[in-house]
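Numbering (the numbering used here), first residue to last: 38 to 342.
Heads up, the thing below is written out as structure tokens.
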Amino acid sequence: MEGILPLFKPAGMTSHDCVFKLRKLLRTKKVGHTGTLDPDVTGVLPICVGKATKIAEYITDAGKAYEGEVTLGFTTTTEDASGEKVDEKSVDRTLTKKEIESVLHSLVGEIEQTPPMYSAVKVNGKKLYEYARQGIEVERPTRKVTIYSIELLDDRDSYAGELVSFKFRVSCSKGTYIRTLAVTIGEKLGYPAHMSSLVRIQSASFSLEDCFTFAQLEEMAEESRLETALYPLETGISYLPKYRINDKVAEKVKNGALLQIPKDLEGVEGPIVAETEDGKALAIYRAHPTKHGMMKPDKVLRNEQ
């Protein structure tokens, strides 16, 4: 069994819980997820099965899109609805749609984020949430992330009340903390805030419409048609640039040979997929660090003769 299973992750399960359950369902240990989603977050979680586990990191590196809700009026220890209130300030004025949209648009581009204490980022070999559970706050390194687009989904002209909530859609680079983004939106509007709900609507080329629920998968397993839920390995790396090769070069690629970077891909940053004439991905290449104009295999995906 080989391919990518786009799972709709339910609330209350960790990404690892999902993998554990799918290993039993698929009857294989070679199952891996493509980036952690917090337990309360639902949505798209591509699961790699068999040889497709080799490309998990490239799906993880791809862009993501979310639909979330910001609530102004208080923030929490976790920056989402699961934490304890730590700062409260009632919204004492009417906010306009234009004002909120202006704040959202100001965040488009490269921004710096400080990972929340309740996160899996490691500091001195220990995960931040482990410090947080002991009541210890440590200095966290900031990280640069990119917001490609962000838009307000609510259509009201004004927002008022002690607590104000509004929904938004964001497209962003990997590693973006939407919880932290919600807090930043609140700060820019002058109020403490937290992320009150979140759904991941896209990961790499997979969207909500592609996803299967556990209930659907269990039914498919009973009918012995689980394999029909798997997308080809190539689907997960469809966003990467391609280099089409003939059969002769393909044999060299299977053995990990260096290749000359094709002219139309010169200057391309990041990985390049070497694929056969019928579109089968054989390997993922990167520019050679010392040999100018050459690229070396980052990962050989298929080496059957």
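Glycine included, C-beta positions come from ideal geometry on N, C-alpha and C.
Owing to the predicted nature of the structure, the values given are computational and were not obtained by experimental measurement.
What residue from Thr327, Ala320, Pro334 has the CA that sits closest to Glu341's CA? Position 304 of the sequence shown, counted from the start, is the residue given in the question as residue 341. The shortest C-alpha separation from Glu341 is found at Ala320.
Around the C-beta of Val175, are 16 or more other C-beta atoms found within 10 angstroms, so that it is buried, or is it exposed? Walking along the sequence shown from the start, residue 175 turns up at place 138. The residue in question, Val175, is exposed, as its Cβ has fewer than 16 Cβ neighbours within 10 Å.
Should Asp247 go down as buried or exposed, given a rule of 16 or more other Cβ atoms within 10 Å for buried? Against the sequence shown, residue 247 aligns to sequence position 210. Answer is buried; the Cβ neighbour count reaches 16.
Report yes if the CB atom of Ser233 is closer than 8 angstroms to the CB atom of Ser202, and no otherwise. Mapped onto the sequence shown, residue 233 falls at position 196. Mapped onto the sequence shown, residue 202 falls at position 165. Closer than 8 angstroms, so yes.
Quick check: is any heavy atom of the ligand ATP less than 7 angstroms from the C-beta of Asp75? The ligand ATP is not part of the structure shown, which contains no ligands of any sort.
Under the three-state DSSP convention, the category Arg281 falls into: Counting from 1 along the sequence shown, the entry for residue 281 is found at position 244. Note: Arg281 maps to strand in three-state DSSP.
Could you have a look at Cys209 and say whether DSSP puts it in helix, strand or coil? Within the sequence shown, residue 209 is the residue found at index 172, counting from 1. Three-state result, Cys209: strand.
Beta bridge counterpart(s) of Tyr196 as assigned by DSSP: Along the sequence shown, one-based indexing puts residue 196 at 159. Paired residue(s): Leu132.
Between which residues of its own chain and Leu189 is the CB-CB distance below 8 angstroms, once the five residues before and five after are set aside? Translated into positions along the sequence shown, residue 189 becomes position 152. Answer for Leu189: Lys134, Ile137, Glu138, Leu141, Phe203, Lys204, Phe205, listed in chain order.
Cβ shell of Val290 (< 6 angstroms), same chain only, five flanking positions each side left out: Here residue 290 corresponds to residue number 253 of the sequence shown, with the count starting at 1. Ala311, Leu319, Ala320.
Contact check, Leu302 vs Pro326, beta carbons under 8 angstroms: By one-based count along the sequence shown, residue 302 stands at place 265. By one-based count along the sequence shown, residue 326 stands at place 289. Going by C-beta atoms, Leu302 is not nearer than 8 angstroms to Pro326.
Can you grab the Cα-Cα spacing for the pair Gly146 / Ala99, in whole Å? The residue labelled residue 146 in the question sits at position 109 within the sequence shown. The residue labelled residue 99 in the question sits at position 62 within the sequence shown. Cα to Cα, Gly146 sits roughly 16 angstroms from Ala99.
Tyr185: which of Glu167, Asp192, Thr213, Ala197 sits nearest, CA to CA? The residue labelled residue 185 in the question sits at position 148 within the sequence shown. Measuring from the Cα of Tyr185, the nearest candidate turns out to be Thr213.
Which residue comes first and which comes last in the alpha helix (DSSP H) that contains Thr253? Counting from 1 along the sequence shown, the entry for residue 253 is found at position 216. The displayed chain sequence assigns Gln, not Thr, to residue 253. Taken as a continuous stretch (DSSP letters only), the alpha helix (DSSP H) holding Gln253 covers 251-259.
Going by the CB atoms, is the gap between Leu338 and Lys101 shorter than 8 angstroms? Stepping through the sequence shown from its first residue, residue 101 is reached at position 64. Stepping through the sequence shown from its first residue, residue 338 is reached at position 301. Cβ distance not < 8 angstroms, so Lys101 and Leu338 don't count as in contact.
Tell me whether Lys317 sits in a helix, a strand or coil according to DSSP, three-state version. One-based indexing of the sequence shown puts residue 317 at position 280. Coil.
Using DSSP with H/G/I as helix, E/B as strand and the rest coil, what is Arg216? For the purposes of this step, residue 216 is taken as the residue at position 179 of the sequence shown. Helix at Arg216.
Grab me the residues of Asn283's own chain with a C-beta within less than 7 angstroms of its C-beta, minus the 5 sequence neighbours each way, in chain order. Here residue 283 is taken as the residue at index 246 of the sequence shown, counted from 1. Scanning its chain for C-beta atoms nearer than 7 angstroms, with the 5 sequence neighbours on each side dropped, one finds around Asn283 the residues Glu314, in chain order.
is_contact[Gly120, chain D] using C-beta, thresh 8 angstroms: No chain D is present in this structure, which holds just one protein chain.
Between the Cα of Lys66 and those of Phe57, Gly110, Thr73, spot the shortest distance and give me the residue it belongs to. As a position in the sequence shown, residue 66 is number 29, starting the count at 1. In terms of Cα proximity to Lys66, the closest of Phe57, Gly110, Thr73 is Phe57.
From the DSSP output, which residues share a beta bridge with Lys101? Counting from 1 along the sequence shown, the entry for residue 101 is found at position 64. Cys209, Ser240, per the DSSP bridge assignment.
Nearest residue (CA-CA) to Ser275, options Lys285, Ile309, Phe45: Taking the first residue of the sequence shown as position 1, residue 275 is located at position 238. Taking only the C-alpha atoms, the option nearest Ser275 is Ile309.
Can you give me the start and stop residues for the beta strand (DSSP E) that Glu264 sits inside? Counting from one through the sequence shown, the residue named residue 264 turns up at place 227. First-last for Glu264: undefined, no H or E at that position.
Contiguous alpha helix (DSSP H) assignments of at least 4 residues, all confined to the stretch 43-80: 52-63
Three or more C-beta pairs under 8 angstroms: does that hold for the stretch 79-97 against the stretch 44-63? yes
With DSSP as the reference, please indicate the residues paired to Asp117 in a beta bridge. Taking the first residue of the sequence shown as position 1, residue 117 is located at position 80. For Asp117, which the question treats as bridged, DSSP gives the partners Met232.
Taking the alpha carbon of Ile298 as the reference point, which residue from Ala266, Pro334, Leu254 has its own alpha carbon closest? Taking the first residue of the sequence shown as position 1, residue 298 is located at position 261. Selected option, being the one with the closest Cα: Pro334.
In whole angstroms, what is the alpha-carbon distance linking Ser195 and Arg130? Numbered from its first residue, the sequence shown carries residue 195 at position 158. Numbered from its first residue, the sequence shown carries residue 130 at position 93. Going from the Cα of Ser195 to the Cα of Arg130 covers about 10 angstroms.
For Leu200 versus Thr108, is the C-beta spacing smaller than 8 angstroms? Counting from 1 along the sequence shown, the entry for residue 200 is found at position 163. Counting from 1 along the sequence shown, the entry for residue 108 is found at position 71. Yes.
Helix, strand or coil for Lys226? Go by DSSP, reduced to three states. As a position in the sequence shown, residue 226 is number 189, starting the count at 1. Looking at the sequence itself, residue 226 is Leu, so the reference to Lys does not match. DSSP places Leu226 in helix when its eight states are reduced to three.
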